[in-house]
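Novice:
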Amino acid sequence: MIHIKRLQEDGADIIALIGEIDASSSIELDLSIAKSVGEGFKKILVDCSALEYISSAGLGVFMSYIEEFKDRNIKMVLFGMSDKVANTFSILGLNELLQIGRDKVQAKQLINEV
Amino acid sequence: MRSKAISRILFSVGVITWLALLFTDISILLSSVNNIKPDVPIWLPGIILNLFIVSLFYYYKIKIERDEVLNFVDLLWRVFATGLIATVVSLGLRLVEYLLGDTTLTRHIVFRDLVYIINLGLMIGFLMMAFAAWKRLILYQKSKWLLRLWAFFEIGLLISLLYNSFKFPVVEWLYGTLLGIFVVVGLVLSGNMKWVAFLNFRQKWTSLLLLLLTVFYLLYIIYTNSSLSESIGNSSPYFTEYRYHVFILSLIVFVTIYSIFSFLVILFNLPTTSVFEQKLEEVVNFQRISQSIQTEQSEESVYNILLETSVSSVFADAAWLEIHSNAHEHKLFTYKITDKESYDIINHLKTHNVKGVLDQGSEKTKNLSKHLASLKGSRFRSILAFPIYVKGQNIGTLALLKELPESFNKEMTKIVSTFSNQAGISIENFRLMEEALQNERYKEELKIAKMVQKSLLPTILEQDQDFDIAAFSESADEVGGDYYDTLRVDKHLISIIIADVSGKGTTAAFHMSQMKGIFHSLAQHDIEPSNFMVQANQALVYCLERGSFISATYFIINTQTKTIRYARAGHCPVLYYCAGSSSSEYLKDKGVALGMVRNKTYSSFIQSNTFQYKPGDIMVLYTDGVTEAKDGKGEEFGYERLSNLVNEANGMAPSEIQNHLINKLYEFSGTSNIDDDYTTMIVKFK
């Protein structure tokens with residue numbers, strides 16, 4: 001089960017993920033990112049501090065946006081991951097493809113870089 | 001067949017008894033006129049007449065009562081036809097008489113008696129026919145009480161024949177009382193007219209005509225018989241007189257009364273026929289909607305039936321049914337109204353902010369006729385709208401329209417509301433059934449996918465003198481996408497792959513088969529592991545859908561140089577046990593999963609590594625199902641448990657290590673029900 005909260009800060013959309021993302025809840029993640037993009041946000045921060053687990057389907061959602069974001073010049077930064085979740089990202093090599101910050105402050109720095 | 005034979009016998013008996021009646025009666029009459037003592041006893045014709053009556057009674061009983069298919073109008077038609085034949089024959093006799101003129105022959109007593117007996121036979125036949133038919137009409141929707149009364153009437157009448165057969169000392173009061181009782185019972189029975197209500201308008205008109213003619217025939221034939229018997233009676237009293245025959249008289253009274261009653265009841269029922277028909281139609285319509293769930297092939301036909309039945313039940317001039325399949329899409333089913341007209345009304349109500357007619361939030365069904373009055377250019381003045389709910393969700397609106405103002409009444413509102421509720425239930429059931437079917441299909445599909453997946457895994461692994469190898473794969477109920485394989489490149493080179501396709505089900509099995517194809521084509525040659533991944537990625541880019549990827553690790557073992565080259569593309573890091581240092585480590589190096597980078601830059605995200613192996617070294621390949629297996633508290637099996645386990649089991653053969661690992665995994669998760677795929681491949685060098 002996943003609970004997704006959205007709030008806006010300094011022109012960036014912050015998507016907070018609370019709980020676990022598996023095959024079924026990955027659809028919700030996909031929807032909320034799509035919504036954020038649809039609303040025209042160019043800066044998307046994903047707060048993973050309350051994310052307990054993410055399955056390959058959830059990782060697939062992040063992966064599927066990489067290219068689209070590059071084309072549309074949208075920046076996405078993930079932050080606040082627990083070691084376990086971070087490990088999941090790094091095993092798949094997603095840490096090479098996604099921008100991942102330690103915390104919100106670092107994430108904001110990353111997203112505001114040109 | 002049996003009843004057919006019996007009816008034939010009865011008919012023959014009827015004819016024979018009638019002939020016997022004719023001869024005996026004529027002979028008695030002739031003797032009496034000529035003042036001779038007759039050869040036959042004078043009571044004989046009376047008995048023969050009763051036999052004739054009894055045979056006809058049972059003949060018609062069999063003919064009418066056993067015939068299940070006869071409807072009410074058919075019955076009336078039979079009675080009418082019998083009456084018609086009787087009347088025509090009787091009229092024919094009159095014509096013969098008229099043509100012969102006033103001659104000695106026509107005045108002769110024998111001729112007159114012949115005509116009388118023929119007419120009497122016809123009348124009795126007609127009466128018996130009508131009696132059998134009326135019985136069926138009266139006993140339609142019978143009650144216990146009615147059945148008893150009828151049995152009393154019928155049996156009483158038959159017994160009265162005895163009274164007539166044997167000329168008991170004619171006690172005047174008994175005769176009168178008997179006749180009186182039968183007439184009263186006949187009258188009471190004539191009150192049963194339930195069948196009339198079930199005739200439709202057309203049938204009522206037909207019945208009226210048939211009954212009217214039947215009554216005429218009755219009156220005519222009674223009149224003919226009574227005048228004939230009177231004229232014979234003037235010559236001699238010794239003939240078969242029916243005018244004091246209780247049975248015949250009772251029958252005449254009963255049949256005539258019932259005919260007239262029926263005629264009047266139908267006549268007065270005519271104006272209300274439409275109401276009864278409508279009620280009947282409502283019942284039928286309701287059944288149709290209820291049954292539509294079992295018989296109809298689509299929701300659309302349920303909608304159409306709802307529209308049709310509602311329109312016909314309330315006599316609407318037009319109607320539409322708006323179905324919202326989702327927030328943006330809606331479908332309009334119309335009856336005698338164009339889509340434009342419907343939308344005009346919908347928009348009119350919307351712009352005038354009329355709440356509660358068509359809007360989605362409305363819980364109530366309202367009859368808001370007045371709001372249409374302000375809509376110019378529309379021919380409709382009344383509207384009645386109903387929401388349709390499926391699982392508590394409003395899926396659409398049924399709107400019925402009439403050209404006259406205020407023309408929907410409470411009754412109609414109730415009926416259509418019931419219809420739309422029933423339609424909602426039908427659709428809900430329909431969707432549930434559809435879902436169940438879909439699930440069934442999905443399960444079947446999964447079964448096939450699971451079979452495919454199993455068949456994709458190798459049954460025999462490549463063997464070599466330099467190492468022992470064992471592999472194991474178990475998938476959960478859902479089909480997983482774990483894949484492993486081995487292939488010998490040449491004498492000293494063996495390639496090994498382990499891969500995990502993201503997602504589950506048929507697509508996972510499908511991608512797995514693609515991965516197998518890629519492995520078997522690329523691994524044919526001595527290819528650099530990183531190059532293998534680059535090419536595999538290139539091939540997969542075209543078939544992996546958005547969000548899907550494959551993690552894999554590819555190894556080439558060179559038994560000549562004792563080296564292992566490998567590339568890891570996002571797969572779980574290999575656990576390598578080094579016999580020299582008695583410790584194990586995970587080979588965590590750079591590598592992005594296949595399908596994540598869908599362009600040429602992928603080569604920069606993957607790298608090849610090389611290391612030497614020594615005897616006793618163990619390489620453990622696995623998928624994430626192993627490390628992510630959870631115990632009752634939700635804790636994962638993890639990397640540390642896995643490496644510790646291998647460290648402990650370093651002396652065992654690969655298959656033993658494998659069994660040990662599997663046992664430990666089940667022990668850890670505490671159940672035999674796994675909810676992910678476990679795959680391991682263990683290579684031990686010697």
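If you read the sequences in order, they're chains U and L.
Taking the numbering used here, the leading residue of the first sequence gets 1, the next gets one more, and so forth.
Taking the numbering used here, the leading residue of the second sequence gets 1, the next gets one more, and so forth.
Note that CB positions come from ideal geometry on N, CA and C, so glycine has one too.
These numbers come from a predicted model, not from an experiment.
Could you confirm whether any beta carbon from chain L is found closer than 8 Å to the beta carbon of S36 (chain U)?
Specialist: No, no contact with chain L.
Novice: Tell me which residues share the same chain as T627 (chain L) and place their Cβ nearer than 8 Å to its Cβ, disregarding the 5 neighbours each side in the sequence.
Specialist: C572, E636, F637, G638, Y639, L642
Novice: Using the C-alpha atoms, what's the distance from L661 (chain L) back to K42 (chain U)?
Specialist: 48 Å
Novice: Let me see if you follow: with CB-CB separation under 8 Å, is R598 (chain L) close to chain U or not?
Specialist: Among the residues facing chain U, R598 (chain L) is included, as its CB has a counterpart in that chain under 8 Å away.
Novice: What are the uninterrupted segments assigned as alpha helix (DSSP H) that are 4 or more residues long and contained completely in the stretch 406 to 466 of chain L, given in chain order?
Specialist: As far as the stretch 406 to 466 of chain L is concerned, its whole alpha helix (DSSP H) runs of at least 4 residues are 410 to 456.
Novice: If the cut is a Cβ gap below 7 Å, which residues of chain B does V61 (chain U) touch?
Specialist: No chain B is present in this structure, whose protein chains are U and L.
Novice: Cβ of L97 (chain U) less than 8 Å from any chain L Cβ?
Specialist: Chain L, which has a Cβ nearer than 8 Å to the Cβ of L97 (chain U), makes this yes.
Novice: Give a yes or no on whether the C-beta atoms belonging to L179 (chain L) and L251 (chain L) are separated by under 8 Å.
Specialist: Cβ atoms of L179 (chain L) and L251 (chain L): not closer than 8 Å.
Novice: Going by beta carbon distance, what residues of the same chain come within less than 6 Å of Y53 (chain U), once the five residues before and after it are set aside?
Specialist: Excluding residues up to 5 positions away in sequence, E20 lie with their Cβ nearer than 6 Å to the Cβ of Y53 (chain U) in the same chain.
Novice: Would E39 (chain U) count as contacting chain L if we go by Cβ distances under 8 Å?
Specialist: no
Novice: Sorted by chain position, which residues of the same chain lie with C-beta nearer than 7 Å to H324 (chain L)'s C-beta, five sequence neighbours on each side aside?
Specialist: H330, I395, G396
Novice: Which whole-angstrom value describes the C-beta separation of S310 (chain L) and L400 (chain L), a residue pair presumed to lie in contact below a C-beta threshold of 8 Å?
Specialist: A Cβ-Cβ separation of about 6 Å places S310 (chain L) in contact with L400 (chain L) under the 8 Å criterion.
Novice: Does the distance from the C-beta atom of E96 (chain U) to that of F605 (chain L) stay below 8 Å?
Specialist: yes
Novice: Ends of the alpha helix (DSSP H) at M129 (chain L)?
Specialist: 109 to 138
Novice: Applying a beta-carbon distance threshold of less than 9 Å, which residues of chain U neighbour C572 (chain L)?
Specialist: Those within 9 Å of C572 (chain L) in chain U are I91.
Novice: Between the C-alpha atoms of A499 (chain L) and L621 (chain L), what's the straight-line distance to the nearest angstrom?
Specialist: 10 Å
Novice: Comparing the C-beta of A50 (chain U) with each C-beta of chain L, is any distance below 8 Å?
Specialist: For A50 (chain U), no CB of chain L lies under 8 Å from its own CB, so it is not counted at the interface with that chain.
Novice: With DSSP collapsed to three states, give me the class of D677 (chain L).
Specialist: If DSSP states are grouped into helix, strand and coil, D677 (chain L) belongs with coil.
Novice: Once you ignore the five residues that flank Y303 (chain L) on each side, which residues in its own chain have a CB closer than 6 Å to its CB?
Specialist: L321, F333
Novice: Given a limit of 8 Å on CB to CB distance, which residues of the stretch 496 to 529 of chain L reach chain U?
Specialist: For the stretch 496 to 529 of chain L, which is checked against every Cβ of chain U, the residues closer than 8 Å are D500, S502, G503, K504.
Novice: Distance check for S55 (chain U) and A629 (chain L), CA to CA, integer angstroms please.
Specialist: 13 Å
Novice: Starting from A593 (chain L), find everything on chain U with Cβ-Cβ shorter than 7 Å and list it in chain order.
Specialist: L92, G93
Novice: Per DSSP, Q99 (chain U) is paired with what?
Specialist: In the DSSP assignment, the residues bridged to Q99 (chain U) are U:V77.
Novice: Based on the DSSP output, what are the partners of K5 (chain U) in its beta bridges?
Specialist: U:A16
Novice: Using the Cα positions of L21 (chain L) and P271 (chain L), report the straight-line distance between them to the nearest angstrom.
Specialist: 49 Å
Novice: Return the bridge partner residues of Q612 (chain L) from the DSSP annotation.
Specialist: L:T563
Novice: At the 8 Å Cβ level, is E67 (chain U) part of the contact set with chain L, yes or no?
Specialist: Taking Cβ atoms only, chain L reaches closer than 8 Å to E67 (chain U), which makes this a yes.
Novice: Could you name the residues of chain L that S64 (chain U) contacts, counting a contact when the two beta carbons are closer than 8 Å?
Specialist: Those within 8 Å of S64 (chain U) in chain L are R546, G547.
Novice: What does the alpha-carbon distance come out to for the pair R136 (chain L) and I109 (chain L)?
Specialist: 40 Å
Novice: What does F605 (chain L) touch in chain U if you count any residue whose Cβ is under 7 Å from its own?
Specialist: G93, E96
Novice: Taking the alpha carbon of L228 (chain L) as the point to measure from, which residue in L:R546, L:L114, L:N663 has its own alpha carbon closest?
Specialist: L:L114
Novice: Would you verify that the beta carbon of A107 (chain U) is, or is not, closer than 8 Å to some beta carbon of chain L?
Specialist: Put simply, the CB of A107 (chain U) is far from chain L, with every gap to its CB atoms at 8 Å or more.
Novice: Can you check whether the CB of G505 (chain L) is closer than 8 Å to the CB of L446 (chain L)?
Specialist: yes
Novice: DSSP puts Y666 (chain L) in a beta bridge; with which residues?
Specialist: None; Y666 (chain L) has no bridge partner.
Novice: Please decide whether S119 (chain U) counts as near chain L, where near means a Cβ-Cβ distance under 8 Å.
Specialist: No information on residue 119 (chain U) is available, as it lies outside the stretch 1 to 114 that chain U covers here.
Novice: Alpha helix (DSSP H) containing G233 (chain L): first to last residue?
Specialist: 201 to 235
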